[in-house]
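**Q** Protein chains in written order, with our numbering: chain Y, 1 to 500; chain W, 1001 to 1423. From the three backbone atoms N, C-alpha and C, an ideal C-beta is built for every residue, glycine too.
The structure is reproduced here in structure tokens:
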């Protein structure tokens, strides 16, 4: 009950912080969840809910929200070149489209405040002072106060110090004083309040038509509908912005030939890898479990500890160590175990696939060993004795009694292991980085790439720039595949329950 | 009755906890709202700037930051991040409006940063002339300068003076010396350079490529790269590809030797030559090897110019405090004292000419600087990631003899040109 009080106070703290930030959606969610949690735990009934609530909350945050957000991104073109909003893109294009007029001098400037409006007090090259504002081009002033050659003040206006400028900086940084009445002569801007430079606006934005015009070449850039400004002959301005593209990413994944070919071969390998990983780890784990289950074996406790050790190391650490050991010229395996042979463990496509499966076997069999040990010990011994009395050989005892009873409890674990290995990013990425790369493929796909490593490469752009939209589309496709397989498999395990 | 008592107890505990935590939260909130002037919607701290640095440079910046705060009243918040994470995290965070104001970064990030619209141009003004020209060029893209440079680095040929007393004139001479040492049993390798079995290392092999006359992109008049015109093809590139294949089959280049392995073997005295950068010099000093830093000998007749890497600071395009950020960069980090301090911490030559010349008193820095004087910056165009990737894979294939080198090189050039025109 005190725990509920702590949770409530934390929720209140979060809500007050969210209120100050203005994130009303998240605030609403936190409020609703807190009220629900309070109701569930303060009422005396609703016992199942009391047990399920923490798990459900974490499921919602770490699974449901993540999948939903990935799904949302899959329908946009978020990635390199389409990073922010349209307003931000327009602002950046305008800013970088200002070119300093060649050979123009640096003008020392003092910023003045004239009746609330900012003005620039410029010291010209010849030492004379001029003042201008956004509306009024530079006009010479006769009585300016000079300090060491720089004009620092004028009657009737207040010179602003750096701290004043900080408070009004967005106004200052946008202040543009035309040099003369002719707009083509450029405008003065200051980036720091002490020096002003003459700029030409090369990229001019027309809000009415939503176009940019390049004043040097008179090219007009239209909003292409694709998240970027494009001219008539296909030239694009950087940056673009993020827009919704509907099903484009999914269509691209399915129909773009440079993606589809590698995608198919990688999918096939992913299924094969997951299936073989589960099969080999289960076989080895079960074999060891059966062996150690026998009372007659000595030193079982020691062996059990040794067998658990690979499971104790973090997967990516083991991956890196194995990568070093399998180095063709300097690795431990080639130098010591094979006495100086030069087997290309990680650089030949088929040997690399074998290496990956072998390392995954090494990493995964202790887990299966533990599970099957527990499941074996749960098999009632009288059934096994009955079988032996009936004259069954050890193999028949195993095949017809132990295995079916084992599968009832182990089948969900196997399905989960399949789903895990389908997305086993660590082993593949650490060991081969996706494997010997196929030079002719358009996408960076290798011989040992799984779908998930392919998604990683597409998302984080080790080749063609980050494309979160396409990567999210791939991720959703993977999710659907794994979900369908798991659902179908679980249905089939219900048949096994009937045996029990 | 029992139920009522426990509910009362619960309510009391709940209220007490609420009050305590509410009290804690309100005392935290005070300072942040007091300095914010009344501007737009959400309360922003226009009295502070956030700077992302990596662990090495954080110490120097802490001193500069306190100076800045004393003089201008703007607080500087330093956030330490992993250098490799900064570019992508920055790109993701800036559009949300919650990103930092300044980041430290390498010059070849600029293309991506501009493509994603996350950096704003800075105006060095007349101070641009005070920096090394290659540094300012590296930090510019399409006519605008985006970053304030603070260090320059390049690779050079490190020579074990005890094994090879004289610097070779050409790469063939170098290999001849190396082979003689191997024949007499004094060395195990003719030449060492760190490569990767999947990606080779186009950055390290570039000087050899340049010595055949093959560069990456064509240069414009102002010295910047023209990202539309790939210059890696043609006879020069194919000559380099043929040479690569020959070196690969002769065992001069081995993609199984990683950077770490190459360094270790050089430190153990197993090779007279190592192609590497200033980051490995401390380890070599420590091993006691008598080393000399030489220019990279030419393999194809033209000068073997290495890539120059420039590091600097960028300003976010969505920064709420651009004025303070610009001031901090140009007038504080751009001063000789700070540039020298950053050099002392990082070992890389400073970008400000005055500090660069003072640093020449360190013979290693002077030697690397002499090699890099003719160097070109790595291209900072957005398409570079794609180029590195294809380039590296092709080099691996050529070195390992996976096909005809000229064919492989041509395929690579075509593939890169495709991606550039498509992207």
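Taking C-beta to C-beta, are residue 1403/W and residue 1305/W nearer than 7 Å?
**A** Within the second chain, residue 1403/W is the residue found at index 403, counting from 1. Within the second chain, residue 1305/W is the residue found at index 305, counting from 1. Not a contact, by the Cβ cut-off of 7 Å.
**Q** Please work out which residues of its chain come closer than 6 Å, Cβ to Cβ, to residue 333/Y, disregarding the five sequence neighbours upstream and downstream, and give them in chain order.
**A** The residue labelled residue 333/Y in the question sits at position 333 within the first chain. Excluding positions up to five away in sequence, the list reads 325 and 326.
**Q** Find out if the Cβ-Cβ distance for the pair residue 331/Y, residue 427/Y is shorter than 7 Å.
**A** Start at 1 with the first residue of the first chain, and residue 331/Y comes out as number 331. Start at 1 with the first residue of the first chain, and residue 427/Y comes out as number 427. In this structure, residue 427/Y does not lie closer than 7 Å to residue 331/Y by Cβ.
**Q** On a Cα-Cα basis, can you pick out the residue from 470/Y, 16/Y, 480/Y and 148/Y that is closest to residue 246/Y?
**A** On the first chain, position 246 is the one that residue 246/Y refers to. Per the Cα distances, 470/Y.
**Q** Starting from residue 1346/W, trace the alpha helix (DSSP H) both ways and give me its first and last residue.
**A** The count along the second chain starts at 1 and reaches residue 1346/W at position 346. Segment 1336–1346, the alpha helix (DSSP H) holding residue 1346/W.
**Q** Taking the DSSP output, what are the residues bridged to residue 214/Y?
**A** By one-based count along the first chain, residue 214/Y stands at place 214. 203/Y and 219/Y, per the DSSP bridge assignment.
**Q** Per DSSP, which one or two residues make a beta bridge with residue 1388/W?
**A** Along the second chain, one-based indexing puts residue 1388/W at 388. Answer is none; residue 1388/W lacks a bridge partner.
**Q** Straight-line CA distance for residue 1371/W to residue 423/Y?
**A** On the second chain, residue 1371/W is found 371 positions in, with the first residue counted as 1. On the first chain, residue 423/Y is found 423 positions in, with the first residue counted as 1. The straight-line gap from Cα to Cα measures roughly 47 Å.
**Q** Does DSSP classify residue 1003/W as helix, strand or coil?
**A** The residue labelled residue 1003/W in the question sits at position 3 within the second chain. Note that residue 1003/W scores a pLDDT of 49, beneath 50, so its modelled location is shaky and nothing firm can be said.
**Q** Are residue 1214/W and residue 1237/W touching if we call contact CB-CB under 7 Å?
**A** Locating residue 1214/W in the second chain gives position 214, counting from the first residue. Locating residue 1237/W in the second chain gives position 237, counting from the first residue. It is a contact, given that the beta carbons lie within the stated cut-off.
**Q** In angstroms with no decimal places, state the Cα-to-Cα distance between residue 492/Y and residue 5/Y.
**A** The residue given as residue 492/Y occupies position 492 in the first chain. The residue given as residue 5/Y occupies position 5 in the first chain. Looking at the two C-alpha atoms, the distance is approximately 45 Å.
**Q** Express the C-alpha separation of residue 235/Y and residue 1079/W in angstroms, rounding to a whole number.
**A** Sequence index remark: in the second chain, residue 1079/W carries index 79 (1-based). Sequence index remark: in the first chain, residue 235/Y carries index 235 (1-based). For residue 1079/W and residue 235/Y, the distance between alpha carbons rounds to 39 Å.
**Q** Straight-line CA distance for residue 1142/W to residue 177/Y?
**A** Here the question's residue 1142/W lines up with position 142 in the second chain. Here the question's residue 177/Y lines up with position 177 in the first chain. Spanning the two alpha carbons is a distance of roughly 25 Å.
**Q** Counting only beta-carbon atoms, is residue 504/Y nearer than 7 Å to chain W?
**A** Examination of residue 504/Y is not possible in this model, given that chain Y is present from 1 through 500 alone.
**Q** From residue 61/Y to residue 70/Y, what distance separates their C-alpha atoms?
**A** Here residue 61/Y refers to the residue found at position 61 when the first chain is read from its first residue. Here residue 70/Y refers to the residue found at position 70 when the first chain is read from its first residue. Rounded to whole angstroms, residue 61/Y to residue 70/Y spans 13 Å at the Cα level.
**Q** Kindly identify the DSSP beta-bridge partner or partners of residue 1052/W.
**A** Counting from 1 along the second chain, the entry for residue 1052/W is found at position 52. According to DSSP, which records beta bridges pairwise, residue 1052/W is partnered with 1079/W and 1103/W.
**Q** For residue 1261/W and chain C, any beta-carbon pair shorter than 7 Å?
**A** Absent here is chain C; the protein component of the structure consists of chains Y and W.
**Q** Determine whether the beta carbon atoms of residue 92/Y and residue 1317/W lie at a separation below 7 Å.
**A** Against the first chain, residue 92/Y aligns to sequence position 92. Against the second chain, residue 1317/W aligns to sequence position 317. A contact, by the Cβ cut-off of 7 Å.
**Q** Mapping DSSP to helix, strand and coil, what is residue 360/Y?
**A** Mapped onto the first chain, residue 360/Y falls at position 360. Helix at residue 360/Y.
**Q** For the beta strand (DSSP E) that contains residue 1264/W, what are its first and last residues?
**A** Counting from one through the second chain, the residue named residue 1264/W turns up at place 264. Taken as a continuous stretch (DSSP letters only), residue 1264/W belongs to no beta strand (DSSP E), being part of the alpha helix (DSSP H) at 1259–1267.
**Q** CB-CB under 7 Å to residue 125/Y, same chain, minus the five flanking residues each way: which ones, in chain order?
**A** Locating residue 125/Y in the first chain gives position 125, where the first residue counts as 1. Cβ neighbours of residue 125/Y beyond the five flanking positions: 105.
**Q** I need the DSSP call for residue 1163/W, collapsed to helix, strand or coil.
**A** Within the second chain, numbered from 1, the residue matching residue 1163/W stands at position 163. Here residue 1163/W sits in coil by DSSP.
**Q** Within the 7 Å Cβ cut-off, does residue 1034/W reach chain Y?
**A** By 1-based counting over the second chain, the position of residue 1034/W is 34. Low local confidence applies: a pLDDT of 37 at residue 1034/W is under 50, so the model's placement there is unreliable, with the coordinate-based value given in what follows. Not an interface residue.
**Q** Compute the Euclidean distance between the alpha carbons of residue 1181/W and residue 1414/W, then round it to the nearest angstrom.
**A** Here the question's residue 1181/W lines up with position 181 in the second chain. Here the question's residue 1414/W lines up with position 414 in the second chain. Rounded to whole angstroms, residue 1181/W to residue 1414/W spans 41 Å at the Cα level.
**Q** At a cut of 8 Å, does the region 284–301 of chain Y reach the region 382–391 of chain Y through at least three beta carbon pairs?
**A** Taking 8 Å as the limit for Cβ pairs, the verdict is that the region 382–391 of chain Y does not touch the region 284–301 of chain Y.
**Q** Using a beta-carbon distance below 7 Å, is residue 262/Y in contact with chain W?
**A** By one-based count along the first chain, residue 262/Y stands at place 262. No, residue 262/Y does not count as interfacial toward chain W.
**Q** Shortest alpha-carbon distance to residue 115/Y belongs to which of 159/Y, 280/Y, 78/Y and 30/Y?
**A** Here the question's residue 115/Y lines up with position 115 in the first chain. Closest option to residue 115/Y, Cα to Cα, is 159/Y.
**Q** Any C-beta of chain Y within less than 8 Å: which residues of the region 1114–1127 of chain W qualify?
**A** Residues 1114, 1115, 1116, 1117, 1118, 1120, 1121, 1122, 1123, 1125 and 1126.
**Q** Is the Cβ of residue 116/Y closer than 7 Å to any Cβ of chain W?
**A** Translated into positions along the first chain, residue 116/Y becomes position 116. So no, residue 116/Y is outside the interface.
**Q** On the DSSP letters alone, give me the boundaries of the alpha helix (DSSP H) that residue 169/Y sits inside.
**A** Translated into positions along the first chain, residue 169/Y becomes position 169. 169–173 is the extent of the alpha helix (DSSP H) around residue 169/Y.
**Q** Answer with yes or no whether the minimum CB distance from residue 89/Y to chain W is below 7 Å.
**A** By 1-based counting over the first chain, the position of residue 89/Y is 89. Chain W contact via Cβ: present.
**Q** Which same chain residues end up closer than 8 Å to residue 1348/W when comparing Cβ atoms and leaving out the 5 residues on each side of it in sequence?
**A** Residue 1348/W sits at position 348 when you count from the first residue of the second chain. These residues qualify, in order along the chain: 1151, 1152, 1153, 1278 and 1311.
**Q** Mind checking which residues open and close the beta strand (DSSP E) that includes residue 120/Y?
**A** Numbered from its first residue, the first chain carries residue 120/Y at position 120. Run containing residue 120/Y: 117–123, per the beta strand (DSSP E) assignment.
**Q** Could you pull the DSSP bridge partners for residue 1154/W from this structure?
**A** The residue you call residue 1154/W lines up with position 154 of the second chain. Answer is 1308/W, bridged to residue 1154/W.
**Q** 7 Å is my cut-off, CB to CB: does residue 83/Y come that close to chain W?
**A** What you label residue 83/Y is simply residue 83 of the first chain in a count that begins at 1. Chain W, which has a Cβ nearer than 7 Å to the Cβ of residue 83/Y, makes this yes.
**Q** Tell me where the beta strand (DSSP E) around residue 144/Y begins and ends.
**A** Numbered from its first residue, the first chain carries residue 144/Y at position 144. Counting along the chain, the beta strand (DSSP E) containing residue 144/Y begins and ends at 144–147.
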